[in-house]
Amino acid sequence: MNAMPAPKPRPSGLDDASASAPVAPAADPRSIDPRLGDTIDVPPETPLERLRCLRDTVLAESDALRRTAQTLSADAVRAAELTADCRGSVIVTGIGKAGWIGQKIAATLASVGTPAHFLHPSEAVHGDLGRVRKDDLVWAFSNSGRSEEVLAIAAHLRQYSHGLVAITADADNPLAAAADLVVTIGKHREACHNGLAPTCSTTAMLAVGDAIALLSSRIRRFTPQDFARFHPGGALGRKLTVVDDIMRDVAHCRIAPHDVPVRQAMVVAGLHGRRSGAVMLVDPADQTLSGIFTDSDLARLLESRREGELDRPVSELMTRCPTTIRSGSQLRDAIAILSQRRISELPVVDTTGRPIGLIDITDVVSLEGSGATPSPSSVKLTAHV
Numbered sequence: 001m002n003a004m005p006a007p008k009p010r011p012s013g014l015d016d017a018s019a020s021a022p023v024a025p026a027a028d029p030r031s032i033d034p035r036l037g038d039t040i041d042v043p044p045e046t047p048l049e050r051l052r053c054l055r056d057t058v059l060a061e062s063d064a065l066r067r068t069a070q071t072l073s074a075d076a077v078r079a080a081e082l083t084a085d086c087r088g089s090v091i092v093t094g095i096g097k098a099g100w101i102g103q104k105i106a107a108t109l110a111s112v113g114t115p116a117h118f119l120h121p122s123e124a125v126h127g128d129l130g131r132v133r134k135d136d137l138v139w140a141f142s143n144s145g146r147s148e149e150v151l152a153i154a155a156h157l158r159q160y161s162h163g164l165v166a167i168t169a170d171a172d173n174p175l176a177a178a179a180d181l182v183v184t185i186g187k188h189r190e191a192c193h194n195g196l197a198p199t200c201s202t203t204a205m206l207a208v209g210d211a212i213a214l215l216s217s218r219i220r221r222f223t224p225q226d227f228a229r230f231h232p233g234g235a236l237g238r239k240l241t242v243v244d245d246i247m248r249d250v251a252h253c254r255i256a257p258h259d260v261p262v263r264q265a266m267v268v269a270g271l272h273g274r275r276s277g278a279v280m281l282v283d284p285a286d287q288t289l290s291g292i293f294t295d296s297d298l299a300r301l302l303e304s305r306r307e308g309e310l311d312r313p314v315s316e317l318m319t320r321c322p323t324t325i326r327s328g329s330q331l332r333d334a335i336a337i338l339s340q341r342r343i344s345e346l347p348v349v350d351t352t353g354r355p356i357g358l359i360d361i362t363d364v365v366s367l368e369g370s371g372a373t374p375s376p377s378s379v380k381l382t383a384h385v
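To convert, note that position 351 of the sequence shown is 351 in full-length UniProt numbering; the numbers rise steadily by one, no gaps.
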């Protein structure tokens, strides 16, 4: 095994204390060159000066967000209401950095249940305008409101959609004039030392887009269960998926009454096709789960040459009151139980204690390592006897 590389030394002049201590804002990095009569940048030379530059950038964008929050008005609320009421898709457009922000916002809208697509302005004039329908709502992002590519399609977007919402720095620009509704984010000096690279403006644009998208989802009463439907994979999906979505339905589980011999229970519970590693045993009187008998239990009988016990009632050999999980519980709880209890099968029961399905370790093996902790209300833990 290769040794891990040693950590790189901290830059000289930047110890633990100086790295964590509050740092005063750096002076404006520009100075006047008397020979040129203009400003030139003075690069930060020391580690502490460079740390100040990093922090100043974050603080500048944070200040931009605070100013933007204070300028939001009823127009932003109206944009969220139009989005919530949209019967078609939200078409998001923008060019340059604003276009990248637009793509992220389109993804956010889709993830919270609003069908959304990004329309590139350059592709739009070469046929992609055909994607826009009368029931669609258009969001157009442009800080200046003067992006030629966006302005070239603004009139068409407004005419052939349900409405055009412009998200821009102020309401005094051509894009705002072409829109049905204008949401302003305010004018911000960029954090770039030259005051040019889009930073504060794009951060404000992103935050406002997120805010409108999330408000629209709340207006439509978008729930965690709805969210899970659109995020079946990854950590988000595991966090919200319920056991009912992945369990083996009772029709595909091995079930037998607990008052029959082991041999007969194995026959009664026989299934064609894929097998689970356990037989769920029920009380014949009310069909509630009373125990579980696993393939490992059967193997131990045979390995110890106790074949005669196959004719004993399975209730005498089964694990009584097994660990179960309730229908509607989260999948992450089931994964945590399987891991913590070191079991391979987890019956899913309804509120009356009747089995409705089974979680088998092989069904969730790819989801292990989620680090989940089960909620007490979802699981019944009892000692195996």
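C-beta atoms are modelled at their ideal positions from N, C-alpha and C, and glycine is treated no differently.
Since the structure is predicted, the reported quantities are computational estimates derived from the model, not experimental observations.
- Under the DSSP assignment, residue 360 falls outside any alpha helix (DSSP H), being part of the beta strand (DSSP E) whose first and last residues are 355 to 360.
- The shortest CA-to-CA distance from residue 80 to any of 47, 114, 269 and 107 is the one to 114.
- By the criterion of at least three beta-carbon pairs nearer than 8 Å, the region 98 to 110 is in contact with the region 209 to 227.
- Counting along the chain, no beta strand (DSSP E) covers residue 222, and no H or E run does either.
- In the DSSP secondary-structure assignment, residue 255 is bridged to 280.
- Nearest neighbour of residue 184 by Cα position, chosen from 112, 343 and 75, turns out to be 75.
- DSSP, read as helix, strand or coil, puts residue 80 in helix.
- Take the alpha-carbon of residue 88 and the one of residue 131: they are about 11 Å apart.
- Per DSSP, residue 149 has no beta-bridge partner at all.
- If you draw a straight line from the Cα of residue 246 to the Cα of residue 359, it comes to about 8 Å.
- When C-beta atoms of the region 246 to 264 are compared with those of the region 279 to 288, three or more pairs fall below 8 Å, so the two segments count as touching.
- Counting the other CB atoms within 10 Å of its CB gives residue 41 a total below 16, which places it among the exposed residues.
- Per DSSP, reduced to three states, the secondary structure at residue 246 is coil, with no helix or strand assignment.
- Shown here for residue 163: same chain residues with a beta carbon closer than 8 Å to its own, the five before and five after excluded, namely 82, 137, 138, 180 and 181 in chain order.
- Exposure of residue 58 is indicated by the presence of fewer than 16 other C-beta atoms within 10 angstroms of its C-beta.
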